[in-house]
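Note that UniProt numbering gives residue 3 to position 3 of the sequence shown, counting from 1, and the numbers run on in steps of one.
Cβ atoms here follow ideal geometry from the backbone N, Cα and C, with glycine treated the same way.
This structure is a prediction, so every number in the text was calculated from the model and none was measured.
Below is one structure, written out as structure tokens, with a few remarks after it.
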Amino acid sequence: MLGFGAIGQAIGQLLKAAGFQITGFKRRPAEEESDTLLKSCANRILNDLEDVLRTSDFIVSILLSTSATKYLLTEEKIAVCADKKPVFTNVGRGDVISEQTLLRALDRGYFSKIVLDIFEKEPLPQDSALWTHPGVHLTPHISARCFIDDVADVFFDNLNLFLADKPMNYVMDWVSGY
1 MLGFGAIGQA IGQLLKAAGF QITGFKRRPA EEESDTLLKS CANRILNDLE DVLRTSDFIV
61 SILLSTSATK YLLTEEKIAV CADKKPVFTN VGRGDVISEQ TLLRALDRGY FSKIVLDIFE
121 KEPLPQDSAL WTHPGVHLTP HISARCFIDD VADVFFDNLN LFLADKPMNY VMDWVSGY
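In structure tokens, the structure reads:
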């Protein structure tokens, strides 16, 4: 799992409960945080991207688009996947890996299959080779469902925290992009 924030942890928890061995990639895991994550949503947490890529059967990217993640997955980095040929799934942001890198990864055998819910360019251009490549499965940006009641609950919870002069949930740090 590339990206082990709240969404990655929730996915990891579900997959771990289903019997999958979960490796989480987090650039700066705090030690106490790692202990908690290991108990609930992962078997191990690594900050070495190459190790995660080299040892995974399935790679799920939930990475945000930041200056640190934009085109993070280059062909040179994913070449270490050649032995295991994992299935690559991206439900995070499309600019983590370019369309051309995805296609070359399939053609060169770095990935066995690709599942995409998001794309480098959205909407996906009609002439994109992703539409017709036999190793690609596309979904129409539906990996995350949002319910108005959930949005309202988060808003009112944060309003109450703000009014009580307490830290709010899901606060965006505009400098880091998270």
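- Y71 and L116 have their alpha carbons spaced roughly 16 Å apart.
- Rounded to the nearest whole angstrom, the CA to CA distance from I114 to P140 is 14 Å.
- Contact between the segment 75 to 89 and the segment 46 to 63 is present, with at least three C-beta pairs closer than 8 Å.
- Proximity to R54 across D165, E76, V151 and P167 peaks at E76, based on C-alpha coordinates.
- Excluding residues up to 5 positions away in sequence, I114 and L130 lie with their Cβ nearer than 6 Å to the Cβ of V136 in the same chain.
- Between T101 and T132 the beta-carbon gap is near 18 Å, outside 8 Å, which marks them as no contact.
- If you look at T89, you'll find it in the beta strand (DSSP E) that goes V87 to N90.
- Apart from the 5 residues on each side of it in sequence, S40 sits with its Cβ closer than 6 Å to the Cβ of Q13 in its chain, given in chain order.
- Taken atom to atom, the span from the alpha-carbon of S128 to that of L159 is near 43 Å.
- Looking only at N169, R27, F111 and E120, the smallest Cα-Cα distance to A82 is reached by F111.
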